[in-house]
Amino acid sequence: MRIAQVAPLYERVPPVAYGGTERVVSYLTEELVRRGHDVTLFASGDSVTSAQLVPFGRCALRLDPECRDTLSHHVAQLEEVARLAHTFDIVHFHTGFLQFPLARRLNVPNVSTLHGRLDVPDYRPLFAVCDDLPLVSISRDQRRPLAGAHWVATVHHGLPSDKVPFSPRHDGYLAFVGRIAPEKRPDRAIEIARRAGIPLRIAAKVDAVDRAYFESRIQPLLQLDGVEYLGELPEPEKLQLLGGALALLFPIDWPEPFGMVVIEALGCGTPVIAWRCGSVPELVEHGRTGFIVESLDDAVAAVHEAECLDRAVCRRAFERRFTASRMARDYELVYRRVINLAGRRTPEEATA
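Be aware that the sequence shown starts at 2, since it is given in my numbering, and climbs by one per residue.
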């Protein structure tokens with residue numbers, strides 16, 4: 002198939018450090034190329050890919066000090082997608098809702114994977130008038146607030162198994178990885194670790210919107226004994242941190258659409274202690290690959306029980322459910338379905 006992948010421009014593909022959506026787009030793109038598809042990636046100019054790259058800007062927008070308006074860059078990107086759309090069998094958008102007016106008029110089969118939270122009342126009018134657009138959710142829970150939308154599949158994210166090293170032993174600390182933000186609850190992670198009497202290592206970025214929260218609520222806690230803040234780590238160092246952890250703490254307080262760090266930890270063999278929110282019950286097998294908790298007391302008890310979990314079981318769950326090859330196979334099925342829904346034939350059908 003001739004497949005277009007349209008990535009956001011905030012981070013390069015793949016990101017240097019944090020960047021969930023762009024990382025998924027990279028893993029999917031590379032796996033589709035490996036599987037023999039003709040893939041074109043629309044992404045920031047500093048992106049690195051084995052697909053054909055249609056670049057925009059000199060670098061990712063988050064890292065460009067001269068960028069003042071990210072919207073204009075994305076509009077220009079979508080105009081280029083529209084110009085080239087006739088050369089593809091399918092266009093796969095990862096750019097939120099911005100492409101919706103274009104997608105309806107593209108005259109080429111297309112599908113949008115939604116990567117963010119959807120429990121925002123303002124979204125309802127949009128989906129009411131765009132109820133014919135084929136959509137993919139990244140968890141079953143994510144689609145709950147908009148159950149009437151045109152969902153064609155749920156596809157869990159996946160990682161290249163050869164890039165996630167398995168660690169059969171831990172080094173006796175807990176890990177918190179991701180963003181310093183109120184909904185991620187790093188304050189809970191610190192309290193759990195201190196009550197459990199186990200050191201905590203935090204690897205997380207601080208977005209501009211969360212800077213005040215970080216400085217007023219979290220920064221003072223980083224001075225406590227047993228708490229080590231490492232900042233935002235590149236991918237190899239992040240995986241090394243996860244692999245050495247007794248457990249990953251994922252004490253979220255919001256409807257998490259997916260949670261890439263959860264499957265990264267499982268791939269390393271590290272169990273996950275997570276709050277029962279959002280996608281967590283779809284990712285963590287309670288009592289096998291981690292523990293799903295609903296209180297601080299439960300989380301502290303789970304820390305001590307995590308020592309008894311088999312790290313090889315966590316890795317096998319990752320290999321079975323969360324690899325990039327599985328994700329790419331799922332999306333191949335989605336592409337064929339969307340092409341057929343549009344009344345077209347896939348290249349395989351056209352040559353049969």
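Ideal placement from N, C-alpha and C gives every residue a C-beta, glycine not left out.
Owing to the predicted nature of the structure, the values given are computational and were not obtained by experimental measurement.
From the options, residue whose alpha carbon lies closest to that of residue i
i, options, result
"residue 283", "28, 139, 308 and 194", "139"
"residue 202", "178, 52 and 100", "178"
"residue 1", "298, 317, 34 and 154", "Lying before the first or after the last residue shown, residue 1 is absent from the chain, which here runs from 2 to 353."
"residue 12", "3, 321, 56 and 64", "64"
"residue 237", "167, 322, 36 and 220", "167"
"residue 152", "51, 76, 103 and 131", "131"
"residue 226", "195, 267, 251 and 232", "195"
"residue 111", "124, 95, 118 and 119", "95"
"residue 325", "191, 25 and 187", "25"
"residue 317", "268, 181 and 172", "268"
Cross-strand partners of residue i (DSSP beta bridge)
i, result
"residue 93", "6 and 112"
"residue 179", "205"
"residue 232", "204"
"residue 39", "3"
"residue 160", "324"
"residue 28", "None; residue 28 has no bridge partner."
"residue 57", "45"
Buried or exposed (CB count within 10 angstroms, at least 16 for buried), residue i
i, result
"residue 185", "buried"
"residue 277", "exposed"
"residue 271", "buried"
"residue 164", "exposed"
"residue 229", "exposed"
"residue 22", "buried"
"residue 76", "exposed"
"residue 315", "buried"
Backbone CA spacing between residue i and residue j [nearest angstrom]
i, j, result
"residue 298", "residue 193", "8 Å"
"residue 296", "residue 82", "47 Å"
"residue 235", "residue 175", "19 Å"
"residue 254", "residue 347", "42 Å"
"residue 33", "residue 214", "40 Å"
"residue 157", "residue 80", "29 Å"
"residue 281", "residue 161", "21 Å"
"residue 244", "residue 292", "18 Å"
"residue 285", "residue 305", "17 Å"
"residue 14", "residue 41", "13 Å"
"residue 74", "residue 58", "8 Å"
Extent of the continuous beta strand (DSSP E) run through residue i
i, result
"residue 136", "136-138"
"residue 273", "273-276"
"residue 155", "152-155"
Extent of the continuous alpha helix (DSSP H) run through residue i
i, result
"residue 268", "261-269"
"residue 281", "281-284"
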